[in-house]
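To keep things clear, I will list the structure first and then write my remarks on it.
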Amino acid sequence: MANQGNLAEVQEHPNIDSYVSFFTKGGKDVFANAYNFQEAEMAKQFNMYPYYQVIDRNEAATCVIEGRETIMLGSNNYLGLTIHPEVRQAAIKAIAEHGPSLTGSRILNGTHRLHLELEEQLAGFLGKESCLVFTTGYQANLGFLSAFLKKGTMLAMDKGDHASIYDGARLGKGETVGFAHNNPADLDRVLSAVPDDIGKMVMVDGVFSMEGDVVDLPQIQKVAQKYQARLVVDDAHGIGVMGPGGRGTVSHFNLNDKVDIIIGTFSKTLASIGGFVAGEAKVIDFIKHFGRPMVFSASLPPASAAAALKALEILKREPERVGRVNANAHYLRENLLSRGFNLGHSQTPIMPIIVGDEIITLTLWRELLNEGIYVNSVLYPAVPREMSLLRMSVTSEHTREQLDKVVAALVKLKNKHRW
Ligand SMILES: Cc1ncc(COP(=O)(O)O)c(C=O)c1O
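Mapped onto the numbering used here, the consecutive letters of the sequence shown carry residue numbers 34 to 452.
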């Protein structure tokens with residue numbers, strides 16, 4: 034196909050590949066990369082290794098790290114529902130009644146009535162005809178793309194999309210092309226080069242996971258419609274945060290009838306683990322039979338389904354939680370902006386503090402932890418090298434006192450390190 038790009042073009046974007054490729058050094062022994070990999074050990078020696086931090090207890094707004102109560106700004110627990118007693122009780126009851134695992138894939142022995150109940154509730158919540166529950170959100174994207182990105186089809190994806198969309202694109206047999214982040218004009222350019230007889234789909238995140246910006250869905254949708262492309266929104270970070278009652282980014286823009294598929298996860302607002310694809314019943318039925326993770330990987334444990342179901346029930350019952358997380362986000366964002374911090378295009382509870390320099394970013398991460406504040410450190414290749422950042426995400430459960438403490442600590446560090 035002339036001029037339409039391919040996955041290789043997409044992979045030029047630093048967001049794309051796994052961390053491992055960054056350290057690839059080659060060699061005859063396939064383990065040579067592992068033996069040569071020094072960076073993590075070096076960071077540990079300087080007490081600046083920000084990954085795999087052990088968390089002894091998770092209390093949503095706070096956590097216990099190294100025996101100390103710490104403000105948790107590095108989770109996706111937007112409504113704090115992992116600590117809700119009803120959610121915990123639902124999981125305990127399900128594990129007592131149904132055990133820890135169904136020991137098989139959905140298609141054979143792994144479908145439980147809790148999966149069906151959750152699918153029905155989610156479809157109703159999102160205004161879609163049908164829904165299919167996966168074992169993770171990552172698998173939901175792989176499941177959708179392995180079923181529909183076939184030879185003779187093309188996926189146009191935002192270059193800022195989540196890694197699971199990139200990986201799903203690799204699993205699919207069709208072509209993939211990236212368009213510039215949140216840029217409908219570039220999507221138009223990309224789609225205009227695709228021959229008419231090629232089936233097209235466009236995939237975007239609703240809320241982008243690193244920068245916390247919101248997709249320009251009204252314009253993206255117009256372009257997709259112009260080229261008769263199916264439109265898919267991965268709203269992992271939008272459900273419970275965006276739109277009326279936390280119904281997500283698609284509802285926020287009132288585009289439920291124009292978006293074909295909504296994909297999501299239970300590992301954020303819904304306080305569990307698992308994922309889903311929601312859309313037309315015929316389409317969902319096809320994924321049930323041709324989505325590879327659905328057929329070849331074990332199903333979501335009943336306790337995880339029960340926890341997500343209860344979290345969804347609480348979200349519907351207490352929509353004020355959505356107001357609270359957004360009010361907290363607004364409070365923290367305005368406070369930081371007024372003190373000169375660069376928060377990129379953040380419009381949601383996800384707030385990057387763009388630092389730039391990698392060493393300063395790691396230093397800040399460590400010094401914040403020393404102050405009792407946990408954030409995520411995001412370096413190349415997750416972001417471009419000069420864009421190293423600290424990713425923070427607020428929950429509905431943070432108090433203003435806690436947020437004030439975060440602002441004060443950041444101001445102190447900014448004066449010290451002057452980035
Ligand atoms: C946009 C997006 N999609 C999918 C996923 C994968 O979800 P899960 O962690 O449930 O596998 C994530 C997780 O961070 C995400 O941010």
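We treat Cβ as the ideally placed atom computed from N, Cα and C, and that holds for glycine.
{"Asked": "Which of helix, strand or coil DSSP assigns to Pro352", "Found": "coil"}
{"Asked": "Rounded distance between the beta-carbons of Leu112 and Ser426, thought under 8 Å", "Found": "With a Cβ gap of about 12 Å, Ser426 and Leu112 do not count as contacting."}
{"Asked": "Buried versus exposed, by CB contacts within 10 Å (16 or more), Glu434", "Found": "exposed"}
{"Asked": "Same chain, Cβ closer than 6 Å to Val223, five either side skipped, listed in chain order", "Found": "Ala189, Val210 and Phe212"}
{"Asked": "Nearest-angstrom Cα separation, counted from Val416 out to Val440", "Found": "24 Å"}
{"Asked": "The region 143 to 161 / the region 341 to 350 touching (three or more Cβ pairs under 8 Å)", "Found": "yes"}
{"Asked": "Other residues of its chain near Phe241: CB distance less than 6 Å, five sequence neighbours each side excluded", "Found": "Gly193"}
{"Asked": "Candidates Phe177, Arg372 and Ile140, of which the one nearest Val316 by Cα", "Found": "Phe177"}
{"Asked": "Neighbourhood of Thr169 by C-beta distance below 6 Å, restricted to the same chain and skipping five residues each side", "Found": "Gly308"}
{"Asked": "Distance between Thr394 and Met75 (C-alpha atoms, nearest Å)", "Found": "15 Å"}
{"Asked": "Asp89 versus Phe79, Pro83, His270 and Arg101, residue with shortest Cα-Cα distance", "Found": "Arg101"}
{"Asked": "Cβ neighbour criterion (16 or more within 10 Å) applied to Phe79", "Found": "exposed"}
{"Asked": "Residue environment, Ala73, which counts as buried when at least 16 other CB atoms sit within 10 Å", "Found": "exposed"}
{"Asked": "Chain-order list of residues whose beta-carbon lies under 7 Å from that of Tyr82 (same chain, five-residue window excluded)", "Found": "Ala73 and Ala76"}
{"Asked": "Near ligand 1: Tyr84 beta-carbon under 6 Å from a heavy atom", "Found": "no"}
{"Asked": "Own chain partners of Tyr364 with C-beta closer than 8 Å, once the 5 adjacent residues on each side are dropped", "Found": "Arg433 and Leu436"}
{"Asked": "7 Å Cβ cutoff met for His214 and Asp230", "Found": "no"}
{"Asked": "Under the three-state DSSP convention, the category Pro251 falls into", "Found": "helix"}
{"Asked": "Sheet register partners of Thr95 (DSSP bridge)", "Found": "Glu92 and Ile104"}
{"Asked": "Validate contact between the region 225 to 239 and the region 253 to 272 using beta carbons, cut 8 Å, 3 pairs", "Found": "yes"}
{"Asked": "Contacts around Leu182, its chain only, beta-carbon distance under 6 Å, and the 5 residues preceding and following it disregarded", "Found": "Leu188, Gly205 and Gly207"}
{"Asked": "Heavy atom of ligand 1 within 6 Å of Asp267 beta-carbon", "Found": "yes"}
{"Asked": "Status (buried if at least 16 other CB within 10 Å, exposed otherwise) for Thr302", "Found": "buried"}
{"Asked": "Of the listed residues Arg325, Cys164, Gln122 and Asn375, nearest to Asp318 (C-alpha basis)", "Found": "Cys164"}
{"Asked": "Rounded straight-line distance, which links the Cα of Val247 to that of Phe374", "Found": "20 Å"}
{"Asked": "Nearest-angstrom Cα separation, counted from Ser138 out to Gly132", "Found": "16 Å"}
{"Asked": "Leu397 versus Glu346, His450 and Lys233, residue with shortest Cα-Cα distance", "Found": "His450"}
{"Asked": "Of the residues Gly279, Gly405, Met234 and Arg372, the one placed nearest Arg354, counting alpha carbons only", "Found": "Gly279"}
{"Asked": "Whether Val283 touches Leu264 by CB criterion (7 Å)", "Found": "no"}
{"Asked": "Residue closest to Asp219, alpha-carbon to alpha-carbon, out of Leu250, Thr186 and Val256", "Found": "Val256"}
{"Asked": "beta-carbon Gly308 near ligand 1 non-hydrogen atom, thresh 6 Å", "Found": "yes"}
{"Asked": "Opposing strand residues paired with Pro385 [DSSP bridges]", "Found": "Arg424"}
{"Asked": "Start and end residues, alpha helix (DSSP H) containing Phe241", "Found": "Taken as a continuous stretch (DSSP letters only), Phe241 belongs to no alpha helix (DSSP H), as it is neither H nor E."}
{"Asked": "Simplified DSSP assignment, three categories, for Asp290", "Found": "coil"}
{"Asked": "CA nearest to the CA of Thr428, picked from Glu419, Ala362, Ile296 and Pro385", "Found": "Ala362"}
{"Asked": "From Leu443, Leu333 and His431, residue whose alpha carbon lies closest to that of Pro385", "Found": "Leu443"}
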